[in-house]
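See structure below.
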Amino acid sequence: LSMGIPDQTSTSTPGQTPLGFPRPPSMDVSGYPPMNMPKIPLMGPPAQLQMNTPEQLQMNFVRQQPMNVPVQQPMNMPVQQLINAPGQVPMNFPRQAAPMNIPMQQPMNFPGQQSMNMPVQQPMNFPRQAPMNFPGQAPMNIPGQQPMNMPMQQPMNMPMQQSMNVPGQAPMNIPGQVPMGMPGPPSIDMPGPPTIMNEVKQNNKLDPEHLPSVVKVREDDKIEKSGFFLTGYPTAELPPLITTECTFQDQGNASPRFIQSTLYNVPTTSDILNVSHLPFAVTCRPFTKPMVNELTPPIAKNSDNGPVRCQRCRAYMCPFMKFTDGGRKFKCSFCDGLTSIPDDYFCHIDNFGRRVDMMDHPEFSLGSYEFVANESYCRNNVQPNAPAFIFMLDVSYNAIQNGLVDIFCKNFKNLLSQLPKNENQNKSTMKVGFVTYDNRLHFYNLSSKSKRPEMSIVSDVNDIFIPYVEGFLVDASEAEGNIEKILNEIPNIFGTSKVTEICFGPIIQAGLYALKTTDRSGKIFVFHTSLPTYEAPGKLVYRGNKNNSGIDKEDPATLSSNVDYYTNLGKECVKNGVSVDLFLFPNSFIDITSLSPLISISGGHLYKYQYFNASNEGELFLSDLQKSISRKIGFDAIMRVRTSYGLRPYSFYGHFLMQNSTDMEFGSIDSDKEVLIDIQYDDKLPKDSPCYIQAALLYTSVSGERRICIHNISLNTTNNYSEVYKKINNDTLITYLYKYGESIIKTKDKETTYRDKCTENSPIGQLILPECLKLLPVYYGSILKNDGLIGGSDLTVDDKAWLRHLIGGLTTNNIISFLYPRIIPVTGVCLENQNTELYIPSEVRGSYEYLKSNEAYLIKSGIQIFLWIGQEVNIEWIQSIFNVDDYTDINTSIYDIPEYDNSYSRGLRQLTKIIKNDVVCHSKVKIVLQNDPLESWMKRFLVEDRFSGQSYSYVDALCTLHREILSKKSIKNNTFNLILKKILIQNEILGITPSENLTIINIQKGTLADGIFKIGDKICNINGKNVSNISELEYFFNTFIETLNITVERNDKQENILKKQLSFIGEDECSIVKREGFDYFNVMLFANNHRKFKLKDFRNRIIISKIKKYNEGVCNIQVGDQICCINNMPVTDKKVCKKLIKHFLMNEGEVSLIICRPISGKAIDEVNEILCKKKYYQTSLKMNDDIKEIIKRECKRIHQNNVNDVTGILSNGLNEEYQTVSFDTNIQEFKIASDTEGKELKKVKRKF
């Protein structure tokens, strides 16, 4: 089943986008007026007009009588033109005595309704009012008009929520309810409850200015939460947005820089979580770099036997443990187990149950800390050696020509001075090794004992070995002289190389072997230029589109690896504590799809520099290499996340290897690595008690010390929906949605639940958003069109593979940057000298509408940085930055900001430096002039707009989200759409059992439907057409070509009722469960075109034993096939099977069979052994004579009128004489024998 995953391809049904979201109603299907008539602003029922701007009252009229309003006093503002609203008698209001300086609006006429003149605006210096108008009543509080004798009412929106009326929305009228126009609370720009966003501009569209602004929300968050932020205790506080600069103070819960949750009020039951459709997940970035004035996790003291841990669940000591028995024992907060304190770790406790030495032990007072592990935590109980870095440099023809070899050799020595070191080290103790390669490998002996370096060549790349271990891995500072000599010689040695075919697999094998033989973990840095086509392990070939443009339709295989070699090599790296960082410099296809598993599994990084030229992009490459070498890193790491009672880690996302269900293994993990852990419920959480999460990372430090890094977080629990929505971490939620792209389809469910559970009295025409999720629509729209998930026609196969690889390793900071750009006006940025603090102006929103032609903007989005310059920008600024006298003379081919000695140039360069520090990989600044051809590419990153080829703008996403919420709310029982792809079910069984009215009454475990459908779900609609019975359902399932779009109505209460009423067969009786070594096929037999075959049964299996060889007809079955279902009815008896096939062939001319076919050698041998047995029907241990009698009885229920047995149960056609078979009309309830329940009879319903 496909849930509308953005990066999947699905056939769109009419009126629907590929992602499963309905398109806005079109004129020919929606019932709206034709195109030549004025459109209704789709903000609510068409019988009302809602206008609510910061300076204007909301006016809702329902067929009122003419009313005359006295003239108001002059306010020095122009009078607004009168608006003709639909469905009402004209109302005439005199003009104000003087203009109000407000732009005139054009009349707005709505089809099918009478016009009405609306009163003038309220004066701008008057306080905003909150009218409430009911059908049949005159409007309240109209300027210059007396009240209508009804008391003022406050808006019905709950505090801490956002509400909007959205255009592009079909009117929604609840049956039995009169349409109501509900007023809105004050604007979100003012203190107090958020507003109803329903500003209408002249073009009848929602005004983005009055939608929730990412920039405004970020600025408000900075004002509220910048400075020092306390993490909280005993439960964690909801952290500020990721864009807010603040200093976190650890109070017992780890800093949000290390670990964050999507929810900070956790539901006590899984039911609340499931209904809310919110994910419960945590992100953990164990090595993130603390900011200035923040505490680096300290090293805690151990007992003599290592870190103190719970004896039951093995959780490490943390601030949430409770000491008992005078401090001699502690109660684990994760499992409630009691553990004795070692004697050397004992200390008395005070009256509050706290140890008197708690301030001397960070594990009692901090959420983040480290332990130094003893030998029991090491491989073979031996402390490891210091890790090593091995550098593998491509010296083929391409690497020489693009300048890679030259720039590397000139700068590598300086980079070695930045090798990572522990906080207590003066210099790094890491070892380094150096190899060059093309179609051979060149090893270098850099030992300080040798006066000059030596080079050894290994030509046999199919049998790699290391010429020498001693001297290959050396101390960088001790071998500095030899390293410098070899770097000077390499460009001369390989400068005339003509080698174009190179290898890749052998160099990883060589580096891995060198580290294994010296008992070291480490990292391999590879600098590679072209597809490894040389005949060697890991050889790759060109595939897919020849020009690698990605414009033509590619074979789906181009995005999936064609070899498992690099996957297995990645696993071998992790096994030995090794990771790989790969720097690619391709000029053509290089097959990142095949290479990337090596990087992602081992925990490395992948960099790509397309069409690399050292003179232009050399600095970017060196910046990335410097960052990769110098950042904090741990090797040979393993992480486990522990949770308190009732919870457990369920699924994991990131770049690592998992060989069991609990442990994430890394060749290395660094400060730019983040993992996402999905949490699942095992039981109800204790009431009024926090839930606890502990992430423990065991790793080898750069000094060779084995350590354990601990991060703890405690979260409040609640059984109140409103409380859950009050503390949602927006950044972590967006990260979850982006990484689990399929979950974006459930965004509407989150908002629908909030509307149902928390804002029941809100008007149906308003979009209600909780305060924590008011930015969700803009991120929602950005995700739907993000290249990382959906790709693009202008992206190459390698680009798509690289972006998809990148997603798994992105941190929350990176993802927020990817999904919404930072746009900073820069013409006012200046820096008098380096000691002056740089002032950074307020950002603007991510829409082209906000870019002024007399301004320049620095735009950062993910990995791209632009400097956009308006055509009317001040010439003085242009001269200061580019040293030219005219806008048209600006050189857009340069890749960075020119350096000039003036305040504007210094300020812009300093700001650019700050921006670059927060990108995934360093990027050149692309200079874009207004109306320049490159501007169209830049606009792709302005996510609030829609550009050519994209589906969603911010307003579009908001409207789509609103439509989905209203469509769900318009039906008493929630409905949802599922997209069923034929490719997924052609060899699988869906596994649902519907009743005659298409209510699902059973779901077979282990099938595709398991976990998607629920008992009680009702199938309402398929591909836009209503279905009402099983026959229609069969028709759709048997005739669809690519995709079925199924609309399902869900009634949660019906599930328990049906479970009590219905008796289902046992899992092992006749359920069709996919067995290892077998595959499943759906085949059709036709009465006039088939071959005769024979059946024999073995226990409760019916197997095809013979097929007539010389019989004309189609043969889509084979000997050994087991018949599981006949026209979607399961069969376990041969006689019943024969009679069913006869019946359908003679009465319907065709029959559908589900076949189980052996495909593995073991399965084939098993079936052959069964067919060779003389006694084909062998009673199983649990099958007895009673069951045989049951079979006979059930066969008699299928009435037969003198049907003679024939040699083959099928004939060539209907021309042979067959007497009519009278079949039981209640065929769906025939009973069959059980192989596991013995004498117990069970009813079997139809299965699909």
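Under this note's numbering, the first residue of the sequence shown carries the number 92, and numbering increases by one thereafter. The C-beta atom is built at its ideal place from N, Cα and C for all residues, glycine as well. Quantities reported herein were computed from a predicted structural model and do not represent experimental measurements.
Review point. For A570, which residues from the same chain have a beta carbon less than 7 angstroms from its beta carbon, with the 5 sequence-adjacent residues on both sides left out?
Key: The sequence position of residue 570 within the sequence shown is 479, counting from 1. Excluding positions up to five away in sequence, the list reads L537, S538, S539.
Self-check item: Local Cβ density within 10 Å of N877, reported as buried at 16 or more and exposed below that
Solution: For the purposes of this step, residue 877 is identified with residue 786 of the sequence shown, where counting begins at 1. The residue in question, N877, is buried, as its Cβ has 16 or more Cβ neighbours within 10 Å.
Give the DSSP bridge partners of G343, in chain order.
Stepping through the sequence shown from its first residue, residue 343 is reached at position 252. In DSSP, G343 forms no bridge with anything.
* Are C401 and G418 closer than 8 angstroms when you measure CB to CB? -> As a first step, residue 401 is located in the sequence shown; it is residue number 310 there, counting from the start. As a first step, residue 418 is located in the sequence shown; it is residue number 327 there, counting from the start. Cβ atoms of C401 and G418: not closer than 8 angstroms.
As assigned by DSSP and simplified to three states, the class of A1254
Within the sequence shown, numbered from 1, the residue matching residue 1254 stands at position 1163. A1254 falls in the helix class under three-state DSSP.
Thinking C-beta only, is N356 closer than 8 angstroms to K817?
Counting from 1 along the sequence shown, the entry for residue 817 is found at position 726. Counting from 1 along the sequence shown, the entry for residue 356 is found at position 265. In terms of Cβ geometry, K817 and N356 form a close pair [threshold 8 angstroms].
Spatial distance of F563 from Y535 (CA atoms): Sequence index remark: in the sequence shown, residue 563 carries index 472 (1-based). Sequence index remark: in the sequence shown, residue 535 carries index 444 (1-based). F563 and Y535 have their C-alpha atoms roughly 6 angstroms apart.
**Request:** Would you list the one or two residues that DSSP bridges to I1217?
**Result:** Along the sequence shown, read from residue 1 onward, the residue named residue 1217 stands at position 1126. Paired residues: M1220, L1244.
- Message: My output table needs one value for N811: the three-state DSSP class, helix, strand or coil.
- Response: Counting from 1 along the sequence shown, the entry for residue 811 is found at position 720. Correct three-state label for N811: coil.
Worksheet item: How is the alpha helix (DSSP H) around C664 delimited, first residue to last?
Response: Taking the first residue of the sequence shown as position 1, residue 664 is located at position 573. Its alpha helix (DSSP H) spans residues 656-666.
Would you kindly check if the distance between the Cβ of I906 and the Cβ of I1006 is under 8 angstroms? Residue numbering aside, residue 1006 sits at position 915 when the sequence shown is read from its first letter. Residue numbering aside, residue 906 sits at position 815 when the sequence shown is read from its first letter. Going by C-beta atoms, I1006 is not nearer than 8 angstroms to I906.
Outcome for K951 when other beta-carbon atoms lying within 10 angstroms are tallied against a minimum of 16: Locating residue 951 in the sequence shown gives position 860, where the first residue counts as 1. Result: buried.
Review point. So, is N383 buried or exposed, given that buried needs 16 or more other C-beta atoms within 10 angstroms?
Key: Numbered from its first residue, the sequence shown carries residue 383 at position 292. Correcting the residue type first, residue 383 is Val in the shown sequence and not Asn. It is exposed - the Cβ of V383 has fewer than 16 other Cβ atoms within 10 Å.
Which parts of the stretch 491-528 are runs of the alpha helix (DSSP H), unbroken and 4 residues or longer, counting only runs that do not cross its ends? DSSP runs (the alpha helix (DSSP H)) wholly in the stretch 491-528: 495-506.
Exercise for the section: Assign Q785 to one of two classes, buried (16 or more other C-beta atoms within 10 Å of its C-beta) or exposed (fewer than that). Expected result: For the purposes of this step, residue 785 is taken as the residue at position 694 of the sequence shown. By the 10 Å Cβ count, Q785 comes out buried.
- Item | Closest Cα partner of F1189 within the set Q701, G953, D1224 | Here residue 1189 corresponds to residue number 1098 of the sequence shown, with the count starting at 1. Answer by Cα proximity: D1224.
If you draw a straight line from the alpha carbon of F585 to that of L495, how long is it in whole angstroms? The residue given as residue 585 occupies position 494 in the sequence shown. The residue given as residue 495 occupies position 404 in the sequence shown. Their backbone Cα atoms lie some 12 angstroms apart in a straight line.
**Request:** Under the assumption that N993 contacts V964 (Cβ atoms under 8 angstroms), give the Cβ distance between them as a whole number of angstroms.
**Result:** Indexing the sequence shown from 1 puts residue 993 at position 902. Indexing the sequence shown from 1 puts residue 964 at position 873. About 16 angstroms separates the two Cβ atoms, so there is no contact after all.
ask   = Going by Cα to Cα distance, which pick from L922, D727, K1015, S759 is closest to G1391?
value = The shown model of the chain, from 92 to 1339, leaves out residue 1391, and the question about it has no answer.
Under 8 angstroms, Cβ to Cβ, is there at least one residue of chain B near T338? No chain B is present in this structure, which holds just one protein chain.
What does a CB cutoff of less than 6 angstroms around P916 pick up in its chain, not counting 5 residues either side in sequence?
Indexing the sequence shown from 1 puts residue 916 at position 825. Within the same chain, and ignoring the five residues on either side of P916 in sequence, the residues whose Cβ sits closer than 6 angstroms to its Cβ are P932, E946, Y948.
Per DSSP, A479 forms a beta bridge with which residues? Numbered from 1 along the sequence shown, position 388 holds the residue referred to as residue 479. In the DSSP output, where bridge partners are listed per residue, A479 has K522, G613.
Quiz item: For the stretch 699-707 against the stretch 724-737, are there 3 or more C-beta pairs whose distance is under 8 angstroms?
Solution: As far as the Cβ criterion goes, the stretch 699-707 does not touch the stretch 724-737, which means the pair count is below three.
Spatial neighbours of L457 within its chain, please: CB distance less than 6 angstroms, with the 5 preceding and 5 following residues excluded, ordered by chain position.
Walking along the sequence shown from the start, residue 457 turns up at place 366. Taken in chain order, the residues that qualify are D341.
message: For a test of the three-state rule: what should DSSP assign to T979, helix, strand or coil?
response: As a first step, residue 979 is located in the sequence shown; it is residue number 888 there, counting from the start. T979: helix per DSSP, three-state reduction.
Q. Is G709 helix, strand or coil when you go by DSSP?
A. The residue you call residue 709 lines up with position 618 of the sequence shown. Helix.
Requested in this report: Taking M483 as the reference, give the member of S519, I1113, I599 with the closest Cα.
Outcome: One-based indexing of the sequence shown puts residue 483 at position 392. Closest by alpha carbon: I599.
**Request:** Could you tell me which residues DSSP pairs with D769 in its beta bridges?
**Result:** As a position in the sequence shown, residue 769 is number 678, starting the count at 1. D769 pairs with A372, S742.
Review point. Are the stretch 392-409 and the stretch 459-471 touching, with three or more C-beta to C-beta distances below 8 angstroms?
Key: yes
Spatial neighbours of S317 within its chain, please: C-beta separation below 8 angstroms, excluding the five flanking residues on both sides.
Residue 317 sits at position 226 when you count from the first residue of the sequence shown. Around S317: P331, T335, E336, C337.
So for Q1341, helix, strand or coil by DSSP?
With the chain running from 92 to 1339 in the structure shown, residue 1341 is simply not present.
Rank I481, L660, E561, N472 by C-alpha distance to the C-alpha of S612 and give the top, closest one.
-> By 1-based counting over the sequence shown, the position of residue 612 is 521. Checking every option, the nearest Cα to that of S612 belongs to I481.
Work out the CA separation of E300 and I350 for me, nearest whole Å. Taking the sequence shown and counting its residues from 1, one reaches residue 350 at position 259. Taking the sequence shown and counting its residues from 1, one reaches residue 300 at position 209. Rounded to the nearest angstrom, the gap between the Cα atoms of I350 and E300 is 35 angstroms.
- Close beta carbons around I557, own chain, < 8 angstroms, minus the five adjacent residues each side: Residue 557 sits at position 466 when you count from the first residue of the sequence shown. Cβ neighbours of I557 beyond the five flanking positions: F534, F563, A601, Y604, A605, T608.
* Asked: In the structure shown, what three-state DSSP assignment does S1196 receive?
  -> Taking the sequence shown and counting its residues from 1, one reaches residue 1196 at position 1105. Shown here, S1196 sits in a strand according to DSSP, grouped into three states.
Exercise. May I ask you to verify whether the stretch 756-770 touches the stretch 658-669, counting CB pairs closer than 8 angstroms and requiring at least 3?
Key: yes
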